[in-house]
Amino acid sequence: MSFAGKSVAVTGAASGIGLAAARLLAQRESENSPKSHVLTTALDVRDSAQVDSWIKTSTDKLGPLYGAANVAGVAEKQLSGDPLDAADWDHIIGTNLTGVMHCVRAQARNASSEGASIVNVSSIVGLTAVAGVGLAYTVSKHGVVGLTRRIAQHLAPKNIRVNCVAPAVVSTPLTEKTLKDHQVPENLMSDMQRLAKPEEVASVIAFLLSQETSFVTGSTYPVDGGYLY
């Protein structure tokens, strides 16, 4: 699944799933193109003007978008199902849901005339409600699934595919600290009795971005190790 000569945008690439996805896509491009380029930008996806500027600058330098992975997201500081105050709610919904909308909108407007593929990142809690997971986070991830399905319908006539991945708990420094602080054993996170690796989620993102899934849109792919929800 080569991405040689293709422009792909990734948010949340500073760490975790986003970093793994950016590395994998860059690796697959460089395997077949000696002139691959990487452009990095500090970005707050809650700010639509920043998102629009980022995509415009990127496409001006690298060409129209072939694909995009919208990975940037935040979670509550506390593992709690209690309602949050307005500031926390706005921050989480603004980043995880409204931020994805800002990105999809800008990406679709700057997509290749030949078509493009966009992958959003939700969560297993976007498919169910898990006791102990924060309210705003759960709502935001449900919203990403709904956004993906509806915008996929809207963009299908333009040959722009939009899909979603829904990971279980992924092994990142932040996740591991949270689990340790709350004494949650890793073997309870999935039937495979371990956490997902960022690279395992990145591989599914790359698959959905590729032409291997050219007739797949509006779908949500769990990457959950058999998590029973």
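For the sequence shown, my numbering gives the first residue as 121, with consecutive numbering after it. Each residue gets a CB set at the ideal place from its N, CA and C atoms; glycine is no exception.
Beta-bridge annotation (DSSP): Thr-340 is paired with Cys-284.
If you compare the alpha carbons of Ser-339, Asp-180 and Val-220 with that of Val-324, the shortest gap goes to Ser-339.
When DSSP states are grouped into helix, strand and coil, Gly-263 belongs to the helix group. Asn-279 sits in coil when the DSSP states are folded into three classes, being neither helix nor strand.
Secondary structure at Asn-230: coil, using DSSP grouped into helix, strand and coil. Going by beta carbons, Ala-288 and Val-343 fall inside the 8 Å limit. Comparing C-alpha distances from Ala-140 to each of Tyr-341, Ser-334 and Thr-292 shows the shortest one belongs to Thr-292. Bridge partners of Val-321 according to DSSP: none are assigned.
An exposed status is given to Leu-159, since fewer than 16 other beta-carbon atoms sit within 10 Å of its beta-carbon. The Cβ atoms of Val-194 and Ile-213 lie no closer than 8 Å to each other. Closest in alpha carbon position to Ala-249, among Pro-184, Lys-261, Arg-143 and Val-241, is Lys-261. Fully enclosed alpha helix (DSSP H) runs of no fewer than 4 residues occupy 136-150 and 168-182 of the segment 126-204, in order along the chain.
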